[in-house]
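Quick note on this note's numbering: the sequence shown kicks off at 10 and runs consecutively. A quick write-up on the structure given underneath.
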Amino acid sequence: MAPTDPSTDAPRPQRADARRNQRALLDAAAAVFVTSGVDAPVREVAAAAGVGMGTIYRHFPTRADLVVAVYRHQVEACADAAQDLLREQPTPYAALVAWADLFVDFLATKHGLAAALHDDRAGFETLHAFFLERLVPACELLLGAAVEAGEVRDDVPALGLLRGIGNLCASGASDPGYDARAMVRLLLAGLRRPAG
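What follows is the structure in structure tokens.
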């Protein structure tokens, strides 16, 4: 009896360097999408990532595949950043503001997601559920820390804050002079408790 080929039994885990390379590619694609939108030419993404276009198409055969991968990557990065920012920033409120900046960058990709997925309603809903599952707890962590420190009001739920930030970002999406970060910072300033 011939020995079985273990490579056919289960998918091999990705090597650490391959994972790093894929993260770097997704980071570069996210940066391009933030500045140029999800319709940016693939060659622009390849140039930003320092790879050939074939490398991108090998990993992501369609634009929708690339956009979805960037979306998931950004959700994970944004969710993971909450704990880091609480450690690094001088106050929980400063951590919340820094996190909101990351969330605004992420939303630039999210707004192009529906167009990239076209008619894949189930796929879009699955990604939205993933978004809520990962980002609502991250926002709750930051809000809770800021409430506990007496820096912000305690009557704003995390999901409501995320929706408010999302609405501020969406409302000016077609205006190149609109500064979503500035508007979100005004929103966050409205959460502050008066000093003294």
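Ideal placement from N, C-alpha and C gives every residue a C-beta, glycine not left out.
Residue i versus residue j - alpha carbon distance
i: L35; j: A191; result: 26 Å
i: Q31; j: A57; result: 13 Å
i: A38; j: F133; result: 19 Å
i: V193; j: A131; result: 30 Å
i: D26; j: H68; result: 15 Å
i: V106; j: R201; result: 11 Å
i: V60; j: R28; result: 15 Å
i: G63; j: H82; result: 21 Å
i: A138; j: G199; result: 28 Å
i: A189; j: S180; result: 9 Å
i: P185; j: A33; result: 27 Å
i: V41; j: V51; result: 10 Å
i: E142; j: T135; result: 11 Å
i: A53; j: S183; result: It is worth fixing the name first, because residue 53 is Glu in this sequence and not Ala. So the alpha carbons of these two residues sit roughly 21 Å apart.
Cross-strand partners of residue i (DSSP beta bridge)
i: V145; result: According to DSSP, V145 bridges with nothing at all.
i: V161; result: R201
Test item: CB-CB of residue i and residue j under 8 Å
i: A158; j: T100; result: yes
i: L95; j: A154; result: yes
i: V43; j: D114; result: yes
i: A167; j: L152; result: yes
i: V47; j: V76; result: yes
i: W108; j: A86; result: no
i: Y102; j: V165; result: no
i: G173; j: L116; result: no
i: F140; j: V84; result: yes
Inter-residue CB distance, residue i and residue j (contact presumed, cutoff 8 Å)
i: L144; j: L171; result: 6 Å
i: A73; j: I65; result: Incorrect: roughly 13 Å between the Cβ atoms, too far for contact.
Chain B within 8 Å of residue i, Cβ atoms only
i: G63; result: This model lacks chain B altogether; it includes just one protein chain.
Problem - alpha helix (DSSP H) segments (min. 4 residues) lying fully within the segment 57–132 - result: 62–68, 72–97, 101–119, 122–126
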